[in-house]
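See structure below.
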Amino acid sequence: MSRVAPTVSRMPSVLSTARRLALSHEGVLLIILMVSLLVLATQTDRFLTTDNLLNQCRLMAEVGLVALPMTYIIITGGIDLSVGSILGLCAIVLGVAWKNYGLPLEFAIVLCLVTGAAAGAVNGYFITRVGVPPLIMTLATLALYRGFAEGVSQSRSVRGYPEWFYQFGQGELFGIPTQLWFLIAALLISAFVLSRTVFGRALYAIGHNETGARFSGLAVDRYKMLIYTFSGFMAGLASFVFVSRVSTTRSDMGTGLELDVIAAVVLGGTSIFGGTGTIIGTALGVVLIQLLKNGLALTGVKGDATIMVIGVVLICSILITNFARSRQATEKPGD
Amino acid sequence: MNTAASTAVSPAQQRGVLKRILRLFASQEAVLLLALVALFVIVGSINSRFIAERNLYSIFLGNAYIAVAAIGMSMVIISGNIDISVGSLIGVLATISGSMAVAGYPLVLCWLVPVLAGVLISSFTGYIVAYLKIPSIVVSLGMLSILKGGLIAVTSGEWITDLPEGYALAQLKPLGVPLPIIFMIVLTILAALWMRFSNTGRAIYAVGGNAEAARLSGISKQRTIMKVFAIHGGFIGIAAVLFATQLSVIQSTVPPNLELTIITASVVGGVSILGGTGTVVGSTLAAILLAAIGSSLIFVSVSPYWLRSVQGVLILLTVLADLYRRKRQRKQGSG
Amino acid sequence: MFKQLGISVAIAGLLMGVAQTSHAARWDGADDLPVSPLACGDEEGGAMAAAMPYDGGMAMNPPDKAGEEITLVDVPKLIGIGYFAATTEGMRQAAEELGNVKVKTDGPTEANIDDQITFLDNFITQGVDGLLFAANDPVAIAPVLRTALKKGVHVVGYDANSEPDAREWFVNQAEFNGIAKSMVDSIVAEIGEDGKFAIVTSTFTTPNQARWIAEMQAYQEKCFPNAEWLETVEAQEDNILSFNQANTLINKYGEDLQGLLGMTSVATPASAEAVTQAGLCGEVAVVGLATPNAMKPYVASDCVKSVVLWNPVDLGYAAVHVMRAVVDGKFAPGATEVSAGRLGTLSVVNGSEVLLGAPYVFNKDNINDFDF
Amino acid sequence: MTDGRALLELSNIVKRFPGVLALDRVSFDVRAGEVHALLGENGAGKSTLIKIISGVYQPDEGHINFSGNTVRFNTPAAAQNNGIATIYQELLLYPELSVAENIFMGHAPKTRFGTIDWRAMRSLAREQLASLDIYDLDVNQQVGSLSVGNRQRVEIAKALSQDARVLIMDEPTAALTGADVERLFRIVRLLRERGVGVIYISHRLEEIFELADRVTVLRDGACVGTSQVIDTTEDDLINRMVGRTIEDLYPKQLSRIGEPVLEIESLSRPPLTRNVSLTLRRGEILGLAGLVGSGRSELAQTLFGITPAQSGCIKVNGVECLIDSPAAAIKLGIAYVPEDRSTQGLIKPMSIRENISMAVLKEISNGNLINHLAERELAQKNINQFRIRTSGMEQKVEKLSGGNQQKVVLGKWMASAPDVLIMDEPTRGIDVGAKAEIHRTMSELACRGMAVLMISSELPEIMGMSDTIAVMREGRLVASFTRGDATQEQIAAAMMSGSRSESDEGLVDSNSTKGAAA
């Protein structure tokens, strides 16, 4: 790359690669992200500072963690609306197991993750074995899991965790918020798994054509089971980080999380019909939403207007990509 | 030809009638009706006040606007789309209606303008979905943010009080029956007839069931989707007016989770999330059933902490019953 | 289908059984913190708790802006509801009166702890002189407030407290036990000492409401042991849901229900509406926390006799005055009172709380004097 | 019958797609009361031509003359309103709706008030079906619950419900067999007698000779010629289609048949696999004949683990084993080239490379990690070996022609190096040139010792390619023949004879039951 390109013939290919990149949804997002970064940075000098950016990473960790498995699920053409409720349920299990049942906190954390995975597995079971459409199944468990959280906790919050527990949500490791390490690790692993492994390939195949994937010997049901379980597990992980960050446990935690997560994933270019999408796109989506919220607030835009801006960006980014794709399609036919 | 055919099939026709009756009983509407009757009988036997006229009225009255909104939502879902911005839209339209009333506009206008505004706003959503080809879930997710942010930006949450005399449309009781209940029943019947007996009504099923086939039958997908969203907007407008005029105060906010309640009513009512099937009668019955479940749980003194869990379980069971019924039908069909 | 139905009935029955046995001794919706009910009847105050030492936090090296113009940001539980619109109005009035304060209100659109924290975080980064808040959760909000203090930002709470050390002062509209006493006294006055009543609240997880309910229970058991609490229902902050829930209670208990207590400014007018529409004015008493404007029609029609509330406009007004005094160095730890413009002098209670006064009980005679 | 004047005439039609000249000055006409067959390999321009006639596309040049007037159909609806009806290859029905409604979607009869008249619709639907000699369909039934053959008949009724004067049929028999085809032909002849001009597209040449009056061949977007069917021969047509002579459509090489690879005994999975016993040997091509719905595909899918057997025993290489998932079947060396390429065989929006490696991805990976180099090598090897015509391995499969798509499916399964290859309708919808290639490949594989189980609805294919022929009916194996022993008549008899069960809707024919009732 760094060598001076001596070739005339290579130039167009480099150019066309660049163009293809710019026309891809990730490219469009990156451009929007850059532009908003620039604009926001010129509006306020408080925005583009390490402190602020790191802090934003702390705030977006939960949405980020849950957005990763959501990307998988939407790639297979499914959806999981119950993540917010699973988060609430896991947080309650963590708190109640520790406080009311006197379990060691470490064990309670494990129990919280297991609960998340189990809640996701129940979704997966009904979706794969009983054949309930994902949207309907998770719409039902959205109510159900929140109900469990309320019932188990009797709507009382749990507080007063030991100091070490706050390290995960409020502490830093090598100068970087602890949960950002979780997020980065989960992001890298998810991106790697999706793009490089048989599992990842299978998810795309399922999203494009589930029957075809089944007839190719892919264990479709097992994979789907896995991703819904993974989704629950990550919601559990997010709940643990969240509880640690806000130092309390309440049964209404994570209310509305599902829409934030889905917005980030969809903004990241994952098609709601399945088959396409990348973790990078999702990461960009999460970051873009967080930075817009933050940057606009810093420049004095009020919260209600910020919500509107995000809505517009969501629609427009998809619109731009669609437009770019259709232009591309008409320019390069039959290729 | 005609006579030959009709005489030839007369025994078959008799079988057809029987079949049709059987088919009627095997429909989701019947399942819902059965569940509703079972609920009334069981809970009524525990606490007879549950089936007292007054409570029945309460259940119907307080949820009529949900049923009306679910009619529009069902049409949207049958056409293969979804609208998650309804909650925000109802908030916006109710505020428009109330503000106009306080500002002294003629009452008729206060009732009609929100309906027209609903048609307009929803048509805009429909336009983006139909002509710019962005998935409805994405567009409505964006619209959700835009409407909600916009509403708060404009009203900053000031309640609308001092509504003029006579504004409370929903509190009228022509012939002793509360108007919202009349609206709910009449609109359901009208919508059901329209869905069955009009070209556009059938086109909705066609587009949702097999868009390509519809196109080749000369049915324009774009125009149908536009129409569906426009009509949906009208129903949302009516729902918003009922919502606004039910109490003497209008909360100029977005009712929490309203979109999920409405979508749940449609889905539990047997409208397939994949498009192509379902009826508005089912969704209205489901809206009533969900409301009745909520009310009945208070009547049988379920601990309020577990109330949502029980609701979740009941929703799941209705969905499973529907699934089971469809499976059995399919088996009969192929056998 | 019958199998399905059987299973569903079985599960529902099971859940209901489980649910019914778990009826605790505590009122639904009450929290489990210690309670301190006030004395019964009209005996004035009694012995106030012994003066507590200051237990609030301190802003670290705040810039000295005594007398200079300051910028404040107010982050309520949520924006877009009448109650906080009123506190915002009070803040605006105070700022106008003081002349050297700029205050802006911004916050989440739903009472969501996470969003509220994000807003506070952004404002700390943006750099303001003072933060005003009404916490969605006292514990969850604490870390971010401590960060603010650490960065030299003054922090004053109102309406809903945080952990004391996470802010400097908290403007308390009325003490929990005070509200509880007013509520219970008011309802008992209407339904008698052996009356039966039910409660409509927002959600069981809302701290203020849970606190009030717990205090109300303690006070009722102490002073009116024969009154009977029937049940508490949740109704979110949703007008029509509150209306429906109130209706359900009316229908369920029939003539057994003599009173409804609304725990939020949404639930109370909706309950009054339900009673009105059911034609039960005079038979079912409605008492609750509410803003006067929303209650005027019901009070005018005699359906509601008394509405308990502090004046939220005053609450916001006082919060800004307290903040100004803190910045000016006129109100430091250890002080026992603070002057708050038109409200006169407010006293300090519980170490670091500024008490707005006793809760106000509105009735037909005075309700039209208020507009918020 | 034919009056000689053209009912519909297209002259010098040119249609360009970006970068491609899809139709190059094509002229074509159909007369009232004739069946005009349209032939050509996939990609030759047949689909484009019929889409122009039916108003889906508009021509860039040239004009269309319909019953004496120059017309231009801007929408499919416009063409339909002018009496041009089309039955597309993929059946375009609404599975959730009733038969009557499917027939009248978009032009339902109205009452005086402008609302849909359901009673009239149902009786008109019955009439419509009756006019096609169809009496055994309930117009209230959901289309989703009908058999493929019956759906096809609904599709025809639908196409004709608007007084069609020209009927375009795009490979109507692709999904049909035996009795259903015969019934379809009867309908076509009926229409011809009524003066309808039928444009008939099929890859099955024998059908052309049985049914058509004239035939037009397209190649590479150009018209190669139109002739009377009686003036031409099968070889001649193939010649014109592919532009070269195809020596042999069924290049069966005799292979050495070895020891049994797959033995199944009393395999059952009701309702369509009942007590089936079968032995497949190394090097053998076993042709499995039967009507659609006779349980052939179901048997194959049971062997492949998609619908695992409920009882019975499967031995692979002499060892009894359990096949409960496609993965288990693949591990045992069984491969299945399914009947429905689009939904079962391929993931069309994905690349050739990804499709070819789909079934063996685990094997060529390091653990779970995809070895991209190995994957690319595999793809290239298959593209070369099966002569897949493509611009590269990254090309999306959906952009390939049917024949090349089928080669990708073959390549995908060859990559798993199976001992047993099950091919379900391996040449359905594939043009003659590619067909011969696939047959040759099949034969070569058998020679190399692979055992092939071939399911086909085309008797010539069964006869031409199989070493052993087995016939299924109603889920049971009812007859078997060795190569050369059987005649087409014998096989057909075995397919259809015996009890005409009510459960097989394909067999209930009009004059036997409803005729009596009338």
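Residue numbers (my numbering), protein chains in the order written: chain A, 311 to 645; chain B, 210 to 544; chain C, -15 to 356; chain D, 65 to 582. Note that CB positions come from ideal geometry on N, CA and C, so glycine has one too. Since the structure is predicted, the reported quantities are computational estimates derived from the model, not experimental observations.
Exposure of residue i, with buried meaning 16 or more beta-carbon neighbours within 10 Å
{"i": "C:His422", "result": "Absent from the structure is residue 422 of chain C, since the part of chain C shown begins at -15 and ends at 356."}
{"i": "C:Ala316", "result": "exposed"}
{"i": "A:Phe509", "result": "buried"}
{"i": "A:Met370", "result": "buried"}
{"i": "D:Val383", "result": "exposed"}
{"i": "D:Gln206", "result": "buried"}
{"i": "A:Asp361", "result": "exposed"}
{"i": "B:Leu399", "result": "exposed"}
Nearest to residue i (by Cα), restricted to the options the options
{"i": "D:Arg58", "options": "D:Gln554, D:Thr491, D:Met559 and D:Ala543", "result": "Because chain D is modelled from 65 through 582, residue 58 of chain D falls outside the range shown and cannot be assessed."}
{"i": "C:Gly318", "options": "C:Phe103, C:Ser336, C:Tyr301 and C:Val137", "result": "C:Ser336"}
{"i": "D:Glu462", "options": "D:Gly409, D:Glu427, D:Ala364 and D:Glu489", "result": "D:Gly409"}
{"i": "B:Val322", "options": "B:Gly479, B:Thr334, B:Thr304 and B:Val285", "result": "B:Thr304"}
{"i": "D:Val78", "options": "D:Ala101, D:Ala96, D:Pro123 and D:Arg95", "result": "D:Pro123"}
{"i": "C:Pro249", "options": "C:Val271, C:Gln204 and C:Glu80", "result": "Reading off the sequence, residue 249 of chain C comes out as Ser, not Pro. The option with the nearest alpha carbon to C:Ser249 is C:Val271."}
{"i": "D:Glu165", "options": "D:Glu98, D:Glu154, D:Leu188 and D:Val472", "result": "D:Leu188"}
{"i": "B:Thr470", "options": "B:Gly521, B:Ser308 and B:Ala244", "result": "B:Gly521"}
{"i": "D:Pro334", "options": "D:Leu355, D:Leu326, D:Gly359 and D:Leu352", "result": "D:Gly359"}
{"i": "D:Ser291", "options": "D:Ile302, D:Leu157 and D:Asp277", "result": "D:Asp277"}
{"i": "B:Phe249", "options": "B:Tyr274, B:Tyr533 and B:Gly503", "result": "B:Gly503"}
{"i": "C:Val123", "options": "A:Ser554, A:Val575, A:Val571 and A:Cys367", "result": "A:Ser554"}
Interface residues of chain A facing residue i [CB-CB closer than 9 angstroms]
{"i": "B:Trp368", "result": "Residues of chain A passing the Cβ test: none, with the nearest at roughly 17 angstroms."}
{"i": "B:Leu469", "result": "Leu391, Leu449, Leu452 and Ala453"}
Proximal residues of chain D, C-beta to C-beta of residue i below 7 angstroms
{"i": "A:Thr521", "result": "Thr407 and Gln408"}
Three-state secondary structure (DSSP) of residue i
{"i": "D:Gly436", "result": "Looking at the sequence itself, residue 436 of chain D is His, so the reference to Gly does not match. Note: D:His436 maps to helix in three-state DSSP."}
{"i": "C:Val184", "result": "strand"}
{"i": "D:His267", "result": "coil"}
{"i": "A:Gln600", "result": "helix"}
{"i": "D:Val120", "result": "coil"}
{"i": "A:Cys422", "result": "helix"}
{"i": "D:Ile420", "result": "helix"}
{"i": "C:Leu344", "result": "The residue asked about is misnamed: residue 344 of chain C is Tyr in this sequence, not Leu. Three-state DSSP puts C:Tyr344 in a strand."}
{"i": "C:Gln100", "result": "helix"}
{"i": "B:Trp403", "result": "helix"}
{"i": "D:Glu327", "result": "strand"}
is_contact[residue i, chain E] using C-beta, thresh 9 angstroms
{"i": "A:Gly441", "result": "In the displayed structure, chain E is absent; the protein chains listed are A, B, C and D."}
Where residue i meets chain A, residues with beta-carbon distance less than 7 angstroms
{"i": "D:Leu425", "result": "Val508 and Arg511"}
{"i": "D:Asn432", "result": "Thr507, Val508 and Phe509"}
Under 9 angstroms from the C-beta of residue i: neighbouring residues of chain C
{"i": "B:Lys382", "result": "Ordered by position in chain C, no residue passes the 9 angstroms Cβ test against B:Lys382, which lies about 10 angstroms from the chain."}
Residues that residue i contacts on chain D, provided the C-beta gap is smaller than 9 angstroms
{"i": "B:Tyr533", "result": "By Cβ distance, chain D contributes nothing, its closest Cβ being about 17 angstroms from B:Tyr533, past 9 angstroms."}
Contact list for residue i against chain C, beta-carbon separation under 7 angstroms
{"i": "B:Lys357", "result": "Thr93"}
> What are the start and end residues of each continuous alpha helix (DSSP H) run of 4 or more residues lying completely inside the region 141 to 190 of chain D, in chain order?
Replying inline: 163 to 168
> Taking only runs of the alpha helix (DSSP H) that begin and end inside the region 276 to 350 of chain B, which ones reach a length of at least 4 residues, in chain order?
Replying inline: 295 to 311 and 316 to 340
> Which ranges would you report for the alpha helix (DSSP H) in the region 187 to 224 of chain D if only whole runs of at least 4 residues count?
Replying inline: 212 to 224
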